[in-house]
Amino acid sequence: MAITSKWRQHIEAWQSSGLSQAEYCAAQQINVRTFAARLSDYRKLSQSDSVVLIPVQVSPSEPVDAGILFTHVQGHRLALPASVSARWVAELLRCLA
5 MAITSKWRQH IEAWQSSGLS QAEYCAAQQI NVRTFAARLS DYRKLSQSDS
55 VVLIPVQVSP SEPVDAGILF THVQGHRLAL PASVSARWVA ELLRCLA
């Protein structure tokens with residue numbers, strides 16, 4: 005089942021509330037069983053959408069001016085031009101984690 009934005013907001017609010025599910029549902033006047041069902045759907049969706057990081061080894065095999073080269077242990081390569089900011093790459097990697 006698709007999670008509506010309303011249920012996503014409730015789940016995220018509950019997670020940050022410090023309350024038990026029953027306490028949160030009582031305060032919000034939500035049926036506990038319905039909340040539990042939507043939470044189950046949310047967790048299944050989150051698991052299927054999770055990002056998987058793969059191990060890479062970075063080695064200085066190219067001149068520094070050539071840019072950034074990521075090589076996966078299975079031989080996949082990702083070359084980024086020197087104009088790409090290392091700060092941008094670091095932020096991208098943080099978003100994927």
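Per our numbering, the very first residue in the sequence shown carries number 5; after that it's consecutive. The C-beta atom is built at its ideal place from N, Cα and C for all residues, glycine as well. Just so you know, these numbers come straight off a predicted model, no measurement behind them.
Same chain only: Cβ atoms within 6 Å of residue i, ignoring 5 sequence neighbours per side
i: ALA41; result: none
i: ILE72; result: LEU84
i: PHE74; result: VAL60 and LEU82
Where the alpha helix (DSSP H) containing residue i begins and where it ends
i: ILE15; result: 9 to 21
i: ALA26; result: 25 to 32
Cα-Cα separation between residue i and residue j, rounded to whole angstroms
i: ARG91; j: LEU23; result: 38 Å
i: CYS99; j: GLN19; result: 20 Å
i: ALA30; j: LEU49; result: 25 Å
Simplified DSSP state of residue i, which is helix, strand or coil
i: LEU73; result: strand
i: VAL93; result: helix
Where the beta strand (DSSP E) containing residue i begins and where it ends
i: LEU82; result: 81 to 84
Proximal residues to residue i (C-beta, below 7 Å), its chain only, five neighbours per side dropped
i: HIS76; result: ILE58 and VAL60
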